[in-house]
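Novice: The number in my numbering is simply the position in the sequence shown, starting from 1, with 206 added.
C-beta atoms are modelled at their ideal positions from N, C-alpha and C, and glycine is treated no differently.
The structure follows.
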Amino acid sequence: MEINRMELTKKNLKLYEKAKQYIEYYTLAKNRKPRQLHITKEQLEAFKTNLIKYNCKPPYTINGVRLIPLN
């Protein structure tokens, strides 16, 4: 489910902004969006605990790009 910026805490908002900026740079460089973004398990858990309050279900996406946890 697409992540709504208004539902995030400050810590998650920073990660969201960095990911969005990376997607923009990638799109400018390669003329296409990346298929997925890798984030750490801790970051994904922080997103989950923050977004579960707002009934936001996985898979989480930012601008249509899926967030995938690293092992």
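(1) Looking at the secondary structure, which residues open and close the beta strand (DSSP E) in which I229 lies?
(2) For K239, collect the residues of the same chain with a Cβ closer than 8 Å to its Cβ; drop the 5 residues on either side in sequence, then sort them by chain order.
(3) Please state the DSSP three-state secondary structure of T255.
(4) Does DSSP put L243 in a helix, a strand or coil?
(5) From the DSSP output, which residues share a beta bridge with P265?
Specialist: Checking against the coordinates, here is how it stands:
(1) DSSP places I229 outside any beta strand (DSSP E); the residue lies instead in the alpha helix (DSSP H), whose first and last residues are 216-236.
(2) Cβ contact annotation for K239 (same chain, cutoff 8 Å, sequence separation greater than five): I229, Y232, T233, N269, G270, V271, in chain order.
(3) The DSSP-derived three-state label of T255 is helix.
(4) The three-state secondary structure of L243, taken from DSSP, is strand.
(5) DSSP output for P265 lists no bridge partner at all.
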